[in-house]
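Residue numbers (this note's numbering), protein chains in the order written: chain A, 5 to 430; chain B, 5 to 430.
One structure is given here, and the rest of the page talks about it.
There are 2 protein chains.
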Amino acid sequence: MGFTVRFRMMKSEEVPIDVPREQFLAFDAQDPLAEVRERFVLADELIYLDGNSLGALPKAVAGRLAHTVEQEWGVRLVRSWNDPWIDLWRSAGGKIARLIGARGEDVAVADSVSVNLFKLLASGLDLRPNRRVVLIDDSDFPTDRYVADGLCNLLGDRVTLRRAKGDLRRALDDDVAIVLSSHASYLTGALADMRAVTHAVHEAGALMLWDLSHTAGVVDIDLSGCDVDFAVGCGYKYLSGGPGAPSFLYVAPRLQDEARTPLQGWLGHEDIFAFADHYRPAPGVERFQCGTWPVLSLSALDEALDVFEALDMAAIRAKSQALSARFLELIEPLIDRHGITVTTPIEPQDRGSQISLSHPDGYAVIRALIERGVIGDFRMPDIMRFGFAPLYVRFVDVWDAAAALTDVLDSGSYRAERFRARTKVT
Amino acid sequence: MGFTVRFRMMKSEEVPIDVPREQFLAFDAQDPLAEVRERFVLADELIYLDGNSLGALPKAVAGRLAHTVEQEWGVRLVRSWNDPWIDLWRSAGGKIARLIGARGEDVAVADSVSVNLFKLLASGLDLRPNRRVVLIDDSDFPTDRYVADGLCNLLGDRVTLRRAKGDLRRALDDDVAIVLSSHASYLTGALADMRAVTHAVHEAGALMLWDLSHTAGVVDIDLSGCDVDFAVGCGYKYLSGGPGAPSFLYVAPRLQDEARTPLQGWLGHEDIFAFADHYRPAPGVERFQCGTWPVLSLSALDEALDVFEALDMAAIRAKSQALSARFLELIEPLIDRHGITVTTPIEPQDRGSQISLSHPDGYAVIRALIERGVIGDFRMPDIMRFGFAPLYVRFVDVWDAAAALTDVLDSGSYRAERFRARTKVT
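The structure is reproduced here in structure tokens:
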């Protein structure tokens, strides 16, 4: 069932890069976060650089989930709704809040990123009734664009979707009600300037919605300090909440009393068990709950978040930047030699926690790396993505990955992978 | 952590009802479904009559979930998206399809009931562009009403919500685009006539959306034979998929090519990994997927559904009707003696699988029963609900529950419970 790990330590005469591996082992020895890796299930020989797609499994999750299933569901049955299920989203939301610069009570865990984008875009339009444009960054992850498009289609003539190519700020005007942008691009890893963009959007009288899917848990975010209006984010990438873990959403305290969601589910009601005739939104972010949440998936996320408990986001960010910077240094000789384009910004402060390299045979190269136990992923049209989750990626993994990439490219061994079926890793 | 089970076998001189318990043990001995209970985790002394709120835990789920967590997530990591996660909703949908009279490919498992109601109501309006009314049954579960109301508010003047009190059919006219009704009422258990209502709705030129939350897995439903347009249902009641298990939805084959959801998420796209510029809906019900599904919760549901594999829905329905009929027989003497109103239809073919009794002290009575290990639930304003999940409720449970109810009422012991805080069981 597991990976067939074909990556072996290379003998010194085969080592394809100049920098000694020992130097990276020494970085690990000095890394204040090194021992956090012990809290994850990861085979020692696996080089996992896809935590930006699916975070690794925290060891504590299996036990927590067994307890949720066998005791909470199996034995206590429906009574577990009173405790602990009814407040599970608050628990997880509170843990995420600290990582993104928010108060615990301003974050709800609910539904998927796509569904939460719909709720918040509609809220933004509702809060700016005299404006008719939803402005999005054209390079966002497709679901952001599709959801915005679906909402605008539903609302017909009342609303228009505007897609900004390049700087969002140049597309602002008096018609814009709400702006949606990824904090870091899923494709290039480029990091937006949250403070400056939010400020410009406010200057134009619009509201700002950030998609934190590629930054929550890895970039030190300050939603409150940047005066952000809305945010959504992903539970299963750097937060390691498990495949398809519920999403989170943030609403600025100043907007919570007036923001409304069109997805009026019973669990967003002011008094859930009154079974009231009319919908009355709960106070605060609870109104953005909708249907019954997936307790098993939510329990896993809640447990996974405890890994962050004693950790400082600044330290996580520092290690993330160091990992990606070291990787860039090591693969620099490949750029000219193999016609690679680095599509991620070179300055560490301008990127999230991934390095994207474009190469005409990117898909085949990624396949060849996976065969060797180095897990990155591929995104259309020609992008190889390498994500550096600082809670469990070691500096020596960076070295091993760079060495493998160098060897795969120099040897041309990837060419055998060219014609295989396209993979579907996310 | 478990229940404090205080229900003990009563000595014969204390037995408060005339019918001998042995007779119900004999029913169990003849029950062709009796051994299915062995596939669930249930303490022998627990009388669980709340499977209409949260289905009991199938024994196989714990192992399946451990595998999903430890192997699929922990070891195979992102590669598990290729297999088995990408098709997990199809697997679960196919298993549900057989229980509701649909083809496997016409059922998707996705999101929550509330979110799916939103998608399908919006689809119905889109398919009937010249009509402006969403018609709902006013006695439906609150979320159905709230969701319909939220959608209509979002669409503004274009659409009106009409709430039918009494027979829906009398509220039909040329303005109605889509009709939403529960197949069985969450409150009274009354079963609607799916065939007749759907026919009447079609005669009026409208589309019919059934909420099967209280019938899927317990009533033999024939969506295809009744020519139903749309349906949604709940994964965590009679299907035993676990707390907050994903919902399912059905779209008639004849509508699948034209039905559109406004919740356009990336996983409903025709070619998920093309990351295409524009949204193009996937063929069939797949287009009703939205964001990334909660794999852990979905795995549990998929496993739970295997309990139904060799079972015949007609046999399940027959046992369900027998259980609720026997319960009514046993508690009949209480009706006059304690001023109880049976709010569920008396004829078995007119109800789902629950018996609802109204009593001014209903809340206190339910509390007193729970203290004795008989788990029913309470719904505002004064309804005691007893659900009979035929896969694991025994005839002797019916007897024990009726005896306990008789004793609690006759002894007046429930009065001590009157002033306790309102419970929040769902």
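Even for Gly, the Cβ is constructed at its ideal location relative to N, Cα and C.
What you are looking at is a predicted structure, and each value in this text was computed from that prediction instead of being measured.
Cut-off 7 angstroms between Cβ atoms - residues of its own chain near residue i, not counting five sequence neighbours on either side
| i | result |
| --- | --- |
| Asp365(B) | Tyr418 and Arg422 |
| Asp414(B) | Pro20 |
| Pro247(A) | Leu58 and Tyr240 |
| Gly288(A) | Glu109 and Gln260 |
| Met5(B) | The predicted position of Met5(B) is uncertain, since its pLDDT is 31 and thus under 50; no value can be drawn from it. |
| Ala420(B) | none |
Nearest-angstrom Cβ-Cβ length linking residue i and residue j, presumed shorter than 8 angstroms
| i | j | result |
| --- | --- | --- |
| Ser362(B) | Gly391(B) | Not quite, the Cβ-Cβ distance comes to about 16 angstroms (not below 8 angstroms), so this is no contact. |
| Leu213(B) | Gly128(B) | 6 angstroms |
| Leu300(B) | Leu300(A) | 5 angstroms |
| Leu327(B) | Ala96(B) | At roughly 26 angstroms, the Cβ-Cβ gap does not stay under 8 angstroms, so Leu327(B) and Ala96(B) are not in contact. |
| Gly377(B) | Ile51(B) | 6 angstroms |
| Cys294(B) | Ser118(A) | 5 angstroms |
| Val180(A) | Ala204(A) | With 8 angstroms as the limit, Val180(A) and Ala204(A) do not qualify as a contact, their Cβ atoms being about 11 angstroms apart. |
| Ala126(A) | Leu158(B) | 6 angstroms |
| Met384(B) | Ser360(B) | Wrong, their Cβ atoms sit about 12 angstroms apart, outside the cutoff. |
| Gly154(A) | Leu267(B) | 6 angstroms |
| Asp226(A) | Leu211(A) | The pair is not a contact, with the Cβ atoms about 18 angstroms apart (cut-off 8 angstroms). |
| Ala66(B) | Ala66(A) | Between Ala66(A) and Ala66(B) the Cβ distance is about 11 angstroms, and since that is not below 8 angstroms, they are no contact. |
| Ala393(A) | Gly55(A) | 3 angstroms |
| Leu29(A) | Val400(A) | 5 angstroms |
| Asp130(A) | Arg264(A) | 6 angstroms |
Beta-bridge partners of residue i, as assigned by DSSP
| i | result |
| --- | --- |
| Gln268(B) | Answer is none; Gln268(B) lacks a bridge partner. |
| Phe254(B) | In the sequence under discussion, the amino acid at residue 254(B) is Tyr, which differs from the Phe named in the question. BP columns for Tyr254(B) point to Val111(B) and Ala235(B). |
| Leu139(B) | Arg166(B) and Val183(B) |
| Val412(A) | For Val412(A), which the question treats as bridged, DSSP gives no partner whatsoever. |
| Pro62(A) | Phe44(A) |
| Leu361(A) | Val346(A) and Met388(A) |
| Arg355(B) | Ala194(B) |
| His273(A) | Pro285(A) |
| Tyr52(B) | Ile379(B) |
Neighbourhood of residue i by C-beta, 6 angstroms cutoff - its chain only, sequence neighbours within 5 removed
| i | result |
| --- | --- |
| Leu216(B) | His187, Ala235 and Gly237 |
| Leu61(B) | Val45 |
| Lys428(B) | Note that Lys428(B) scores 43 on pLDDT, short of 50, meaning its location in the model is unreliable and no value can be drawn from it. |
| Val311(A) | Arg43 and Pro62 |
| Tyr367(B) | Phe382 |
| Cys230(A) | Met198, Arg199 and Thr202 |
| Glu274(B) | Arg284 and Ala286 |
| Arg25(B) | Trp403 |
8 angstroms CB neighbourhood of residue i in its chain, flanking five on each side removed
| i | result |
| --- | --- |
| Trp93(A) | Ala112, Val113, Ala114, Pro250, Gln293, Trp297 and Leu302 |
| Ala405(B) | Ile51, Leu53, Phe331, Leu373, Val378, Gly380 and Phe390 |
| Val23(A) | Glu333, Leu334 and Trp403 |
| Asp178(B) | Arg135, Ala208 and Gly209 |
| Ile140(A) | Asp148, Arg149, Ala152, Leu165, Arg166, Arg167, Ala168, Val183, Leu184 and Ser185 |
| Asp354(B) | Ala194 and Leu195 |
| Pro349(A) | Thr192, Gly193, Ala194, Leu195 and Arg355 |
(message) If we require 3 or more residues per run, which beta strand (DSSP E) segments fall completely within the segment 153 to 241 of chain A?
(response) 164 to 168, 180 to 186, 211 to 215 and 234 to 237
(request) Tell me the start and end of each unbroken alpha helix (DSSP H) in the segment 326 to 351 of chain A that is at least 4 residues and wholly inside, in chain order. (result) Given a length threshold of 4 residues, the segment 326 to 351 of chain A has no whole run of the alpha helix (DSSP H) inside it.
(request) Select from the segment 258 to 274 of chain A all residues with a C-beta closer than 9 angstroms to any C-beta belonging to chain B, and list them in chain order. (result) Under the 9 angstroms Cβ criterion, the segment 258 to 274 of chain A contributes Arg264, Thr265, Pro266, Leu267, Gln268, Gly269, Trp270, Leu271, Gly272 and His273.
(request) Please list the residues of the segment 303 to 314 of chain A that have a C-beta atom closer than 8 angstroms to any C-beta atom in chain B, keeping them in chain order. (result) Going along the segment 303 to 314 of chain A in chain order, one finds Ala304 with a Cβ nearer than 8 angstroms to chain B.
(request) Compile a chain-ordered list of the residues in the segment 206 to 228 of chain B whose CB is closer than 8 angstroms to at least one CB of chain A. (result) none
(request) Would you list, in chain order, the members of the segment 271 to 301 of chain A that have their beta-carbon closer than 9 angstroms to a beta-carbon of chain B? (result) Leu271, Gly272, His273, Ile276, Phe277, Ala278, Phe279, Ala280, Asp281, His282, Tyr283, Cys294, Gly295, Thr296, Trp297, Pro298, Val299, Leu300 and Ser301
(message) Please give the ranges of any beta strand (DSSP E) in the segment 366 to 396 of chain A, keeping only runs that are unbroken, at least 3 residues long and fully inside the region.
(response) Counting whole runs of 3 or more residues, the segment 366 to 396 of chain A contains the beta strand (DSSP E) stretches 381 to 383 and 387 to 391.
(request) Closer than 8 angstroms, Cβ to Cβ, to anything on chain A: give me those residues from the segment 151 to 174 of chain B, in chain order. (result) Val151, Asp153, Gly154, Leu155, Asn157, Leu158, Leu159, Gly160 and Arg162
(request) Give the residues from the segment 113 to 126 of chain A that approach chain E closer than 9 angstroms (Cβ to any Cβ), ordered along the chain. (result) Among the chains of the structure shown, chain E does not appear; the protein chains present are A and B.
(request) Taking only beta carbons into account, state which residues of the segment 384 to 399 of chain A come closer than 7 angstroms to chain B, listed in chain order. (result) The segment 384 to 399 of chain A vs chain B, Cβ under 7 angstroms: Met384.
(request) With 8 angstroms as the limit, tell me which residues of the segment 242 to 256 of chain A have their beta carbon closer than that to any beta carbon of chain B; keep them in chain order. (result) Hits within the stretch, in order: Gly246, Pro247, Gly248, Ala249, Pro250 and Ser251.
(request) Determine which residues of the segment 61 to 80 of chain B have a Cβ less than 7 angstroms from any Cβ of chain A, and write them out in chain order. (result) Leu61, Val65, Ala66, Leu69, Ala70, Val73, Glu74, Gln75, Trp77, Gly78, Val79 and Arg80
(message) Residues of the segment 134 to 153 of chain B in Cβ contact with chain A at a cutoff of 7 angstroms, in chain order, please.
(response) Pro146, Thr147, Tyr150, Val151 and Asp153
(message) Residues of the segment 79 to 113 of chain A in Cβ contact with chain B at a cutoff of 8 angstroms, in chain order, please.
(response) Val79, Arg80, Leu81, Val82, Arg83, Ser84, Trp85, Asn86, Trp89 and Ile90
(request) Return the residues of the segment 349 to 379 of chain B that lie within a Cβ-Cβ distance of less than 9 angstroms from chain A, sorted by chain order. (result) Ile374 and Ile379
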